[in-house]
Every structure is written in structure tokens, then in C-alpha cells.
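All letters in the sequence shown, in the order written, are residues 877 to 1149 by our numbering. Don't be surprised by glycine CBs; every beta carbon is placed ideally from N, CA and C. Here's the structure, in C-alpha cells; my notes come after.
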Amino acid sequence: MYTDNHNHTKHFSSDAKMTAHELIDTCKAKNMRGVAITEHYEGDYPHDIGAPQIFDIPSFFESSKEWEEYAGDLPLYRGIELGYQKHLCGFYDEMVAKYPFDSVIMSNHLYKGKDPYFFRDMYDADMNVAYRAYIEEMADLVEGCNNFDIVGHYDYINRYGPYEKPQIKYSQCPESFDRFLSAIVAKGKSLEINTRSVDKMRRKGLTDTLPDPEILRRYYELGGRLISLGSDSHSSDTLCIHFPEVAKYLASFGFTENSYYVGRKRMGEPLLP
Ligand SMILES: [Zn+2]
Ligand SMILES: [Zn+2]
């Protein structure tokens, strides 16, 4: 089995339902190779949703000692999922340098300053216009920030799209994707393949749910070799969800490894057994 690079617990992520012990028990039951806990940290989150979107980082490291003991043989990595906005790049670059994180995920949960999870009006725009703007923002962030390892869910924008075929495609904004993917390659970062996005679309009854082959082909063509699998689990039932299927799919494009991080150093495990 695999290392799952992207997960949340209820202790530090307000929208998560599982405890760290539930996460660890399930990883063991599923015979997973390792797991990263990557709590949400959204600096300057623009919405008041009645719960803090940041957490106390020293408390997280304190708690993780007990989790690690409970995990025993299961490798447990301490990560963080940062909600980036352009003005936070410098702040985040310095913040994460102060702590012994294993991995840092760069995410963008906002479109023009609003989270599409809560505000669906962004989808009133033409789909291609909205998706292009989101990928342009992602490209800006990858180009402008430095201290991160994995670029999280580039397809966040299509999770809540009300369109008949909401999946984000290379053909919708090829120049923007080229800029975004080239920046990832140039900086030596890893592109996350987020299986929660796959799962969400399947639950809607959609059939075209695996990441767009053109995006993967183009990334590979531009020199991209680093891929990280993340289930983005908020409850234990989705840990490692669809990993074997998605890994096989990724291998068909030439990718060979699932990248995970230990002390911010990249490690690889084979995508195929
Ligand atoms: Zn996220
Ligand atoms: Zn997440």
C-alpha cells in the first residue's frame, strides 16, 4: 500500500471528523505504508464561519508526540496544509521554517477572495473563464512562494462546480496550465493528485472523474516527475481512497513514484507494486 500525503484530524482542523487515533487505526487496518497529518492553516481567511481556520502549531507538535507513540510501526508525518494568498507567501515561508514539519502543502481555497465551498456564485461565470483565473492564481502562487513541497488539489475549483461536466481540463486554459506546471517543475515541487476530488465527482454520479490525461501528459512533457497522492481525508472512511486505481492510471503516463516527505526531504515509493 501507499503513503497518504494529505489528511486532517478534528483536533486541529475544524471541518474534520476523525481523531488521530481513528486515523492511525484505519491506516494500520488498511496496511498503509505511512500517513501525513496536514491540518488546515488559513491565514487571513476572509470568511467568519464560526470556527478558527488556523491552529496553534506548538500544540500540534506536542500532540503529535503521543500520536507517534500510538502509531508504533506506522510512519506518521507532521505536515501542514497552508491556504495561500499572494500576500502571505513571505509570511508562510518564514513561519514553516520555524518548525520541524515533514511536509508543507500549498493550497488555494479561494477564488477572487471567496471560498467556492461557501460561495457558489463564482460559478455564475463562464466555466472556462473561472477555471482559467483559478489556474492563473495557482501559477502566481507557485512562482511567488518558495517554502512548500506539494501543490495541493489544483482541481479544487471543480469540486463544487454545478456544471454538467465540471472537470477541469488542460484544453480550457492551456497557456495557464503551461505556466502553472512549468513553475512546479522549475521549483522542484510535487503535484498532488487529490483523490477526494475524484471521490466527490463519483459521488455526484459523474463518470469522467480521473484527472484529465492532457494535464498529466503535459506535466510529464515539461519535465514533471514528482507526483504526490493525497486522499484529503476528513474522516477515516476515505483514507487512501482510490489510490491503487489512480496509481495505475498515473503509471500509464510514465510516472513511477509517489513522493512523500520526511523532514522536508523528498522520498519516493513505487506507484506500482
Ligand atoms: Zn484543501
Ligand atoms: Zn485538505
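Per the C-alpha coordinates, the member of S1109, K1076, Y1096, R1035 positioned closest to A1127 is Y1096. For Y1039, the number of other beta carbons within 10 angstroms of its own is below 16, and it is reported as exposed. In this structure, the alpha-carbon of G1130 lies about 19 Å from that of T1071. In this structure Y993 is not in contact with I1044, their Cβ atoms being roughly 16 Å apart against a cut-off of 8 Å. Taking a cut-off of 8 Å for Cβ pairs, the region 1080-1096 and the region 1106-1116 do not touch, as fewer than three such pairs fall below it. For H882, the CB falls within less than 7 Å of some heavy atom of ligand 2. In this structure E1068 touches G1028 by the C-beta definition: roughly 5 Å separates them, less than 8 Å. Taking 3 residues as the minimum length, the beta strand (DSSP E) runs contained wholly in the region 1040-1091 are 1066-1070, in order along the chain. Taking the Cα of P1120 as reference, the smallest distance to any Cα among L1148, G1099, A896 is reached at L1148. In this model, D932 and H916 are separated by some 11 Å (Cα to Cα). In this structure, the straight-line span from the alpha carbon of A973 to that of E1013 is close to 24 Å. In summary, T879 is buried, with 16 or more beta-carbon neighbours lying within 10 Å of its beta-carbon over all protein chains present.
Within the same chain, S1066, L1102, S1104, R1142, G1144 come within 6 Å of S1135 by CB-CB distance, once the 5 residues on both sides are set aside. Look at S1104 here: in three-state DSSP terms it is strand.
Ranked by Cα distance from Q1048, the first of I1011, G1020, Y1036, R1079 is I1011. Within the region 957-990, the runs of beta strand (DSSP E) that reach at least 3 residues and sit entirely inside it are, in chain order, 979-983. Going by beta carbons, K904 and L952 fall outside the 8 Å limit. Note that the C-beta distance between K1063 and L1017 is not below 8 Å.
Residue pairing by DSSP puts P1146 in a beta bridge opposite E1133. Between H887 and A912 the beta-carbon gap is near 15 Å, outside 8 Å, which marks them as no contact.
Not one heavy atom of ligand 1 lies closer than 7 Å to the C-beta of D1054. Judged by DSSP in its simplified three-state form, T895 adopts coil rather than helix or strand. Collapsing the DSSP output to three states places L1017 in a helix. DSSP, reduced to helix, strand and coil, places T879 within a strand of the structure shown. The beta carbon of S1058 is closer than 6 Å to those of L1098 in its chain, skipping five residues each way along the sequence.
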